[in-house]
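Single-structure report; data block below.
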Amino acid sequence: MLVIEDEPETAAFLTQILERLGYEVAVAHNGEEALDQIHTRRPNLALVDLVMPGIGGWELVRRIRQDRSIQQVPILICTAHRGARTTGGLVQGTLYKPFGLEEIAEKIREALAHSP
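Residue numbering for the sequence shown follows this note's numbering, starting at 35 and increasing by one per position.
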């Protein structure tokens with residue numbers, strides 16, 4: 035799994051939960067770092083924060099989907115904004131902050147089951 039989150043506390047929280055669920059986790063703190071890690075690590079899922087400096091979450095999603103070598107990576111977006119758009123088939127689901135262990139586990143199962 036690749037956690038893409040610019041807030042260190044949230045990244046640490048997600049990492050702890052994902053590791054507790056049995057996943058191997060890497061963290062990228064911005065969009066540029068995320069693209070590099072996706073190319074090298076080929077994660078089975080990317081959790082993308084929507085609001086980040088530099089390349090924002092939706093721009094990162096667009097770049098992933100346009101790159102044939104990585105476009106199949108399943109994506110969950112993470113946001114505190116309940117009105118965030120999630121349509122268009124670009125992502126496999128949305129995690130709304132704040133979230134807990136059971137919600138994360140459920141969304142990951144759904145995302146992996148419906149990945150491209």
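Heads up, the beta-carbon is just placed ideally off N, CA and C, and yes, glycines get one too. Only a predicted model underlies this, so the values are computations on that prediction, with no experimental measurement involved.
Next item on the list: For Leu135, count neighbouring C-beta atoms within 10 Å of its own C-beta (all shown protein chains included) and say buried if the count is 16 or more, exposed if not.
Entry: exposed
Notebook entry, point to check: In the structure shown, what three-state DSSP assignment does Val37 receive?
Noted result: strand
Note to self: Could you compute how far the alpha carbon of Ile51 sits from the alpha carbon of His148?
What the structure shows: 21 Å
Checklist line | Closest residue to Leu36 among Glu58, Trp92, Arg54 and His115 (Cα-Cα distance) | finding: Glu58
Notebook entry, point to check: Roughly how far, in whole angstroms, is the beta-carbon of Ala114 from the beta-carbon of Lys141, given that I think they are within contact range, below 8 Å?
Noted result: No, Ala114 and Lys141 are not in contact; Cβ-Cβ is about 15 Å, not under 8 Å.
Check: For Leu110, which residues of its own chain have a beta-carbon under 8 Å away from its beta-carbon, when the five flanking residues on both sides are left out?
Finding: Leu79, Ala80, Leu81, Val82, Val125, Gln126, Gly127, Thr128, Leu129, Lys141, Ile142 and Ala145
Notebook entry, point to check: Would a C-beta distance cut-off of 7 Å place Asp40 and His63 closer than the cut-off?
Noted result: yes
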